[in-house]
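Each residue of the sequence shown is one higher than the last, beginning at 1 in UniProt numbering.
Everything on this sheet refers to the single structure shown next.
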Amino acid sequence: MISKEASNRSGQINYRYDPVGRLLEAATPKGVESFRFDPAGNLLDNTPTADGHQDNSLLGNLLSHYAGRHYRYDSRGNLVEKRVNGSLTQLEWDGYNRLSRLTAPGGNSTEYRYDPLGHRIAKLSQGKTTLYGWDGDVLAFETQDDAAVHYLFEPGSFIPLAQVHTEPGAKHGK
């Protein structure tokens, strides 16, 4: 596990873990962020409420709020709303628990389409469509407009070897 990290942007970060490998503390030059867990391993919110109590809200093993973020779930346990600093992100799920629409703060929506095997085959966002192609259960390519990315994997595995990018207007052949 990483115990120390150095970065030009944030300086040195020191990490502390519990015996089972859960992050307990991240210390940066800007301060220390601590994490607590309940006996089932669920992350608890360490922020005291106005009356000084620790408010650790979990709904049937689902986190309802943590560090100023508020979450709401549907009856199947899918996240349907996330509120951060007054900004709302909404998520819609199909009957197979696949993300079908995400509405970001500001109202921009992204729709997702799937094939009968459950592979995501299209993303429609702000007038642009991204198409996804599959080789079995491995993502083979994605395209948007004239640009494409092809993914190469070790044979018979999910271990990536390379990405091949084709930019709009690129010439093929000779």
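Backbone N, C-alpha and C define an ideal beta-carbon position, used for all residues, glycine too.
Owing to the predicted nature of the structure, the values given are computational and were not obtained by experimental measurement.
- Distance from the CA of G107 to the CA of H119, rounded to the nearest whole angstrom, comes to 26 Å.
- Sorting P116, V149, R113, T89 by C-alpha distance to the C-alpha of T103 places T89 at the top.
- Judged by DSSP in its simplified three-state form, Q144 adopts strand.
- Your pair R76 and N97 checks out as a contact, with CB atoms roughly 6 Å apart and the cut at 8 Å.
- Listed as beta-bridge partners of S34 by DSSP are E25.
- Residue I121 holds the alpha-carbon nearest to the alpha-carbon of Y132 among Q126, I121, I2, V80.
- The DSSP assignment places 99–103, 109–114, 120–125 as complete runs of the beta strand (DSSP E) inside the stretch 94–132, in order along the chain (cut-off: 3 residues).
- In terms of Cβ geometry, E142 and T130 form a close pair [threshold 7 Å].
- In the three-state DSSP reduction, P160 falls in the strand class (E or B).
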